[in-house]
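Novice: The working numbering puts the first residue of the sequence shown at 48, with every later residue one more than the last.
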Amino acid sequence: MPTNRRHLILGTAAIAAATCMPRVAAAQTATGPFRLDPLPYPTNVFEPYIDARTMEIHHNFHHQAYVNNLNAAVKDYPAVAAMPLEEILAKLGDVPEAIRTAVRNNAGGHANHTMFWQVMGPGGGAPAGDLQAAILRDIGGLDTMQGRFNDAGLRLFGSGWALVTVTRDGTLAIETRPNQDTPLMEGKRVLFANDVWEHAYYLNYQNRRADYLKAWWNTVNWNKLAERYAAAKAGTLDI
Ligand code: MN
48 MPTNRRHLIL GTAAIAAATC MPRVAAAQTA TGPFRLDPLP YPTNVFEPYI
98 DARTMEIHHN FHHQAYVNNL NAAVKDYPAV AAMPLEEILA KLGDVPEAIR
148 TAVRNNAGGH ANHTMFWQVM GPGGGAPAGD LQAAILRDIG GLDTMQGRFN
198 DAGLRLFGSG WALVTVTRDG TLAIETRPNQ DTPLMEGKRV LFANDVWEHA
248 YYLNYQNRRA DYLKAWWNTV NWNKLAERYA AAKAGTLDI
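Written out as structure tokens, the structure reads:
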């Protein structure tokens, strides 16, 4: 390629990159097998329930840090680095002890947040069809589920996740996990979860976790949850 043409393309790419810079620049990306996907929607899409600044910091720094730390942990362990994320989590006991805690925390954090961005989305909707029937059968309906889920998130001491797990036969259950643990570590599947680490809500809600838990339901993408429910029953839900 002639030099001037190459410079033109590089120049265009640089301008495009500069124009697309988010208000908070992404943290430095470590090299490695794991990567952070961009958010599938604008960061301000959930206002006023979740503010854009919280979304930017949460995705570009907190989630990126889990990815970077996971890549750093597996750097000298090619057998672990080559495994899919859900398989690493299901087989933590096989991960070399020297990196097991780092992998548990950061692979867990990467998986939890990857799921979290997916189950949220603009457009909202409502549970329908098979999923609506399962919520009624297993948990007592949408209102009951929201109340019990919020209570579980509120009672969780410290940092962690409120979750709804789904079995291969489609049974739902409300659970919690501390820190960045995930039911994937037991080979289970998560239909959806809410992040109750303070970094998920502190800028807007400070100590009012209960208000955040209530507001978060406005960000749930029920069409995506229906897809995930069908995938769980088909055995194709990974994260
Ligand atoms: Mn988080």
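Even for Gly, the Cβ is constructed at its ideal location relative to N, Cα and C.
Since this is a predicted model, take the numbers as computed values, not measurements.
With a threshold of 7 Å on Cβ separation, who are the neighbours of I135 within its own chain once the five nearest residues in sequence on each side are excluded?
Specialist: Excluding residues within five positions, the ones whose Cβ falls inside 7 Å are V127, V142, V150 and A154.
Novice: From T90 to N251, what distance separates their C-alpha atoms?
Specialist: Near 14 Å, if we compare the C-alpha coordinates of N251 and T90.
Novice: Taking the straight line between their C-alpha atoms, what separation do you get for D216 and K280?
Specialist: Going by the C-alpha atoms only, they are around 6 Å apart.
Novice: Out of Y113, G282, M167 and V166, which one is the CA nearest neighbour of N226?
Specialist: When each option's Cα is compared against that of N226, the closest is Y113.
Novice: Where does M167 sit, in a helix, a strand or coil, going by DSSP?
Specialist: In the structure shown, M167 sits in a strand (DSSP, three-state: E or B).
Novice: May I ask which residues mark the beginning and end of the beta strand (DSSP E) holding E222?
Specialist: L219 to P225 is the span of the beta strand (DSSP E), which, as asked, contains E222.
Novice: Among all residues, which have a Cβ less than 6 Å from at least one non-hydrogen atom of ligand 1, and in what chain order do they fall?
Specialist: Here the residues come out as H105, H109, H160, D242, W244, H246 and A247.
Novice: In this structure, what does DSSP give as the bridge partners for L210?
Specialist: According to DSSP, L210 bridges with E222 and A240.
Novice: Is DSSP giving G282 helix, strand or coil here?
Specialist: Note: G282 maps to coil in three-state DSSP.
Novice: Helix, strand or coil: how does DSSP classify V287 here?
Specialist: Nothing in the structure corresponds to residue 287, since the chain is present only between 48 and 286.
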